[in-house]
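Chemist: Counting the sequence shown from 1 gives a position; this note's numbering is that position plus 3.
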Amino acid sequence: MALITNAIKGTLDLLPKESYKTQYVEAAVREIAENYGFSEMRTPVFEHTELFQRSVGETTDVVQKEMYTFEDKGGRSITLRPEGTAGAARAFLEHGLFNDALPQKIYYLTSCYRYEKPQAGRLREFHQFGVESFGAGTPAADAEIISLAHAVFRYLGVQNLQLEINSIGCPECRKHFQDALKAYFTERREDLCDTCKSRLERNPMRILDCKSPVCSGIAAGAPKILDYLCDDCRAHFDAVQQYLRAMDIEFTVNPTIVRGLDYYTRTVFEFVSNEIGAQGTVCGGGRYDGLLEELGGKPMPACGFGMGIERLLLLMEAQGVPFPEPKKCDIYLVSMGEAAGLEAAALAEALREEGLSAQFDTVGRGLKAQMKYADKIGASYTVVLGDAELENRRVNLKAMRDGTQTELPLDDFVGAFQSIVLREALDVLDTSDLDEADISAILGGVQN
Ligand code: ATP
Ligand code: MG
């Protein structure tokens with residue numbers, strides 16, 4: 004068989020055998036975000052190109068070379084979102100959400116597109132879980148979103164992530180810092196990589212973010228932004244740290260963190276692992292008090308983060324973090340003959356209506372092959388339906404675990420089977436405080 008084409012480089016297919024892991028992570032982040040009072044927002048996968056130029060920033064790597072930009076048939080310049088904040092901020096302004104009670108706390112789980120060199124942890128289509136706290140200007144807000152990311156890692160059982168924080172000040176204090184930085188790097192210009200040579204002209208702070216060993220060596224000796232913070236920015240940064248200590252969240256201050264996007268002010272942070280290679284930043288975020296105004300809204304503070312789902316999964320796999328097993332088939336209905344096939348279909352329907360996972364043959368296999376298939380998909384139980392069973396209205400339920408058989412009435416099969424499944428679930432739980440009457444009451448309640 005010759006495929007007509009392959010998947011595009013830097014994209015991943017999520018296959019059915021693996022999807023439960025991603026679903027588990029997604030369900031966890033949704034639940035945690037909602038516990039923190041964040042509600043989901045969904046925005047389109049594409050936006051007008053200028054939205055990203057304005058918000059992410061003209062001098063960033065993302066806008067300079069990573070965007071998937073194209074002209075649509077109407078001649079408009081369209082870009083596939085490279086990150087989630089710009090679209091969320093656009094929607095926040097467009098729908099007047101600033102008129103609602105502030106802060107507006109939103110989260111998203113979304114695909115992002117960047118034309119980057121594909122490698123482990125770096126894809127052209129990837130997924131982000133992100134949160135934004137619009138209208139929240141105090142250090143408590145920065146600490147709250149950091150705590151949310153921290154809670155996700157704790158819930159999932161991810162270990163050894165370093166939280167690194169920094170403040171990049173406001174445009175005022177940054178100006179003095181940029182000048183000092185430019186002077187420092189200009190003296191060492193010849194040793195910088197080509198990208199950093201051009202960064203030196205456009206935005207010298209970005210050199211601090213360079214992954215090349217030579218540039219990061221030079222960057223280590225560069226002036227530190229923390230020495231240039233104005234009094235307000237200094238007080239804000241101190242208070243963020245105070246909140247983190249109060250919440251018992253460990254962190255280190257890393258003055259080289261500047262983040263890749265232009266819209267950040269004051270707090271920036273990353274959760275970094277050294278267990279998944281060079282692309283070790285699993286989550287990055289910070290404050291961007293200038294963004295909403297930049298997009299045409301009234302000045303309003305905001306902060307948020309983006310977490311890479313694929314990198315998070317890579318890290319979980321690397322650490323052998325357990326994923327809860329996906330729901331298996333409760334019962335496979337083996338059938339022999341046409342009448343039994345119809346009975347199996349009807350029975351599956353009734354079982355599914357009760358929330359049980361039931362399957363029957365849709366391939367036309369014989370008895371043995373159906374049993375084999377039931378075993379392969381990990382069905383907990385099987386039942387065989389043939390002419391004799393239909394006539395006697397009695398069937399044998401087989402537990403695949405140990406082969407034990409229980410005879411059940413066909414006409415009350417759903418109720419009887421449901422009791423067996425529930426009883427097993429109770430056995431797993433600690434029911435030592437319940438007596439037989441309690442259990443019957445629970446089982447009866449469910450059956451009715
Ligand atoms: P990096 O320094 O790794 O390029 P970044 O600063 O460009 O990251 P952000 O724009 O802050 O990243 O995005 C937030 C998170 O999204 C990152 O921390 C990472 O987990 C994830 N991410 C970013 N780019 C990619 C990509 N190309 N493939 C997979 N995940 C990514
Ligand atoms: Mg990047």
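Every residue gets a Cβ at the ideal spot worked out from N, C-alpha and C, and that includes glycine. None of these values were measured; they are calculated from a predicted model.
If you draw a straight line from the alpha carbon of K371 to that of K379, how long is it in whole angstroms?
Modeler: For the purposes of this step, residue 371 is taken as residue 368 along the sequence shown, with counting starting at 1. For the purposes of this step, residue 379 is taken as residue 376 along the sequence shown, with counting starting at 1. Approximately 12 Å between the Cα atoms of the pair.
Chemist: Among A321, F132, A5, which residue has its Cα nearest to the Cα of G280?
Modeler: The count along the sequence shown starts at 1 and reaches residue 280 at position 277. For G280, the nearest C-alpha among the options comes from A321.
Chemist: Can you tell me where the beta strand (DSSP E) holding C306 begins and where it ends?
Modeler: Taking the first residue of the sequence shown as 1, we reach residue 306 at position 303. Taken as a continuous stretch (DSSP letters only), the beta strand (DSSP E) holding C306 covers 305 to 311.
Chemist: Please classify S22 as buried or exposed, where buried requires at least 16 other C-beta atoms within 10 Å of its C-beta.
Modeler: Here residue 22 corresponds to residue number 19 of the sequence shown, with the count starting at 1. With fewer than 16 Cβ atoms within 10 Å of its Cβ, S22 is classed as exposed.
Chemist: Identify, in the order they occur along the chain, each residue of the same chain with its Cβ nearer than 6 Å to the Cβ of Q373, setting aside the five sequence neighbours on each side.
Modeler: Residue mapping note: residue 373 aligns to position 370 of the sequence shown, counting from 1. Contacts found: V337, D364.
Chemist: Is the beta carbon of V261 less than 7 Å from the beta carbon of I171?
Modeler: Taking the sequence shown and counting its residues from 1, the one referred to as residue 261 is at position 258. Taking the sequence shown and counting its residues from 1, the one referred to as residue 171 is at position 168. Closer than 7 Å, so yes.
Chemist: Examine ligand 1 and report whether any of its heavy atoms sits within less than 6 Å of the Cβ of F129.
Modeler: In the sequence shown, residue 129 corresponds to position 126, counting from 1. Yes, the beta carbon of F129 sits closer than 6 Å to at least one heavy atom of ligand 1.
Chemist: With a CB to CB cut of under 7 Å and the five nearest residues on each side skipped, what residues in its chain are close to T255?
Modeler: Taking the first residue of the sequence shown as 1, we reach residue 255 at position 252. Answer for T255: Q165, E167, listed in chain order.
Chemist: Along the chain, where does the alpha helix (DSSP H) containing T14 start, and where does it finish?
Modeler: Counting from one through the sequence shown, the residue named residue 14 turns up at place 11. Looking at the DSSP string, T14 is not in any alpha helix (DSSP H), and its letter there is neither H nor E.
Chemist: When you measure from the CB of G60 to every non-hydrogen atom of ligand 1, does any distance come out below 6 Å?
Modeler: Taking the sequence shown and counting its residues from 1, the one referred to as residue 60 is at position 57. Because no heavy atom of ligand 1 lies under 6 Å away, the Cβ of G60 does not count as near it: no.
Chemist: Evaluate N451 with the Cβ neighbour count: other Cβ atoms within 10 Å of its Cβ, from every protein chain shown; 16 or more gives buried, anything less gives exposed.
Modeler: In the sequence shown, counting from the first residue as 1, residue 451 sits at position 448. In this prediction, N451 scores a pLDDT of 44, lower than 50, which makes its location untrustworthy; no coordinate-derived value is stated.
Chemist: Using the DSSP secondary-structure output, state which residues sit across from Y335 in a beta bridge.
Modeler: On the sequence shown, position 332 is the one that residue 335 refers to. Q362, T385, per the DSSP bridge assignment.
Chemist: With L354 as the anchor, note down where its alpha helix (DSSP H) starts and where it stops.
Modeler: Along the sequence shown, one-based indexing puts residue 354 at 351. Segment 341 to 356, the alpha helix (DSSP H) holding L354.
Chemist: Please list, in chain order, all residues of the same chain as S215 whose beta carbon is under 6 Å from its beta carbon, the five residues on each side excluded.
Modeler: Counting from 1 along the sequence shown, the entry for residue 215 is found at position 212. For S215, where only same-chain residues beyond five positions count, the Cβ hits under 6 Å are C196.
Chemist: Would you call the CB atoms of D145 and R248 closer than 7 Å?
Modeler: The residue given as residue 145 occupies position 142 in the sequence shown. The residue given as residue 248 occupies position 245 in the sequence shown. Cβ atoms of D145 and R248: not closer than 7 Å.
Chemist: Determine the DSSP secondary structure at C115, reduced to helix, strand or coil.
Modeler: Residue numbering aside, residue 115 sits at position 112 when the sequence shown is read from its first letter. If DSSP states are grouped into helix, strand and coil, C115 belongs with the strands.
Chemist: Using DSSP with H/G/I as helix, E/B as strand and the rest coil, what is Q165?
Modeler: Indexing the sequence shown from 1 puts residue 165 at position 162. It is a strand residue.
Chemist: Would G323 pass as an interface residue toward chain D - the criterion being a Cβ-Cβ separation below 7 Å?
Modeler: In summary, chain D is missing from the structure at hand, where a single protein chain is found.
Chemist: Rounded to the nearest angstrom, how far is the Cβ of C306 from that of A382, given a contact under 8 Å?
Modeler: Numbered from 1 along the sequence shown, position 303 holds the residue referred to as residue 306. Numbered from 1 along the sequence shown, position 379 holds the residue referred to as residue 382. Their Cβ separation, rounded to whole angstroms, is 49 Å, which puts C306 and A382 out of contact at 8 Å.
Chemist: I need the straight-line Cα distance from S80 to Q181, nearest angstrom please.
Modeler: Numbered from its first residue, the sequence shown carries residue 80 at position 77. Numbered from its first residue, the sequence shown carries residue 181 at position 178. Each residue's alpha carbon lies about 32 Å from the other.
Chemist: What is the DSSP secondary structure of Q107, reduced to helix, strand or coil?
Modeler: Taking the first residue of the sequence shown as position 1, residue 107 is located at position 104. Three-state DSSP puts Q107 in a strand.
Chemist: In whole angstroms, give me the CA-to-CA distance for G283 and P121.
Modeler: Here residue 283 refers to the residue found at position 280 when the sequence shown is read from its first residue. Here residue 121 refers to the residue found at position 118 when the sequence shown is read from its first residue. Rounded to the nearest angstrom, the two C-alpha atoms are 15 Å apart.
Chemist: List the residues that DSSP assigns as beta-bridge partners of P216.
Modeler: Counting from one through the sequence shown, the residue named residue 216 turns up at place 213. Answer by DSSP bridge pairing: none, since P216 is not bridged.
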